[in-house]
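Here the working numbering is used: the first residue of the sequence shown is 8, the next is one more, and so on. All C-beta atoms in this analysis are idealised placements derived from N, C-alpha and C, irrespective of residue type, glycine included. Quick notes on the structure that follows.
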Amino acid sequence: MHELSITQGILSIAVEKANEVQASKVTKINLIIGELSGVVNECVEFYFDLLSKDTIAAQASLSFERIPIQLRCRSCAAVFSPDNLDWACPICREQKIEIISGRECRVESIEVD
Ligand SMILES: [Zn+2]
Numbered sequence: 008m009h010e011l012s013i014t015q016g017i018l019s020i021a022v023e024k025a026n027e028v029q030a031s032k033v034t035k036i037n038l039i040i041g042e043l044s045g046v047v048n049e050c051v052e053f054y055f056d057l058l059s060k061d062t063i064a065a066q067a068s069l070s071f072e073r074i075p076i077q078l079r080c081r082s083c084a085a086v087f088s089p090d091n092l093d094w095a096c097p098i099c100r101e102q103k104i105e106i107i108s109g110r111e112c113r114v115e116s117i118e119v120d
């Protein structure tokens, strides 16, 4: 159900933006999806097909840009991508880390006709 509400958000943003510029249809939606967001591309595509029927975004293709997880160590400030579930700093082995990317989930841009 996670993807359903996300897809509804994506669609309403795309339709709203297209209306703002008085476009006749949305041809492409570029999405930024972080690996930590838990969003599955195929689920978004599935819901998008259902929800976009009878809207000006019905023919739009979806483009997904996946953003990898990046963490920063609070002790030594090293920036790293975690291996699997090991989120300890590879430099000093501290586990006090902050997430600096990977939680993104947004519409980057849309293309219209
Ligand atoms: Zn560290």
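Nearest to residue i by CA position, among the options, is which residue?
i, options, result
"residue 110", "82, 43, 11 and 29", "43"
"residue 117", "10, 23 and 95", "23"
"residue 105", "90, 98, 91 and 84", "84"
Per DSSP, what kind of secondary structure is residue i in: helix, strand or coil?
i, result
"residue 17", "helix"
"residue 31", "coil"
"residue 116", "strand"
"residue 11", "helix"
Between residue i and chain D, is the shortest Cβ-Cβ distance under 8 angstroms, so that the two count as touching?
i, result
"residue 11", "Reference to chain D is not applicable here, since this structure consists of a single protein chain."
Quick one: using the 10 Å Cβ neighbour count with 16 as the cut-off for buried, is residue i buried or exposed?
i, result
"residue 107", "exposed"
"residue 33", "buried"
"residue 78", "buried"
task = Counting only runs of 4+ residues fully inside the segment 35-74, write out the alpha helix (DSSP H) ranges in chain order.
result = Every alpha helix (DSSP H) of 4 residues or more that sits fully in the segment 35-74 is shown, in chain order, as 48-59.
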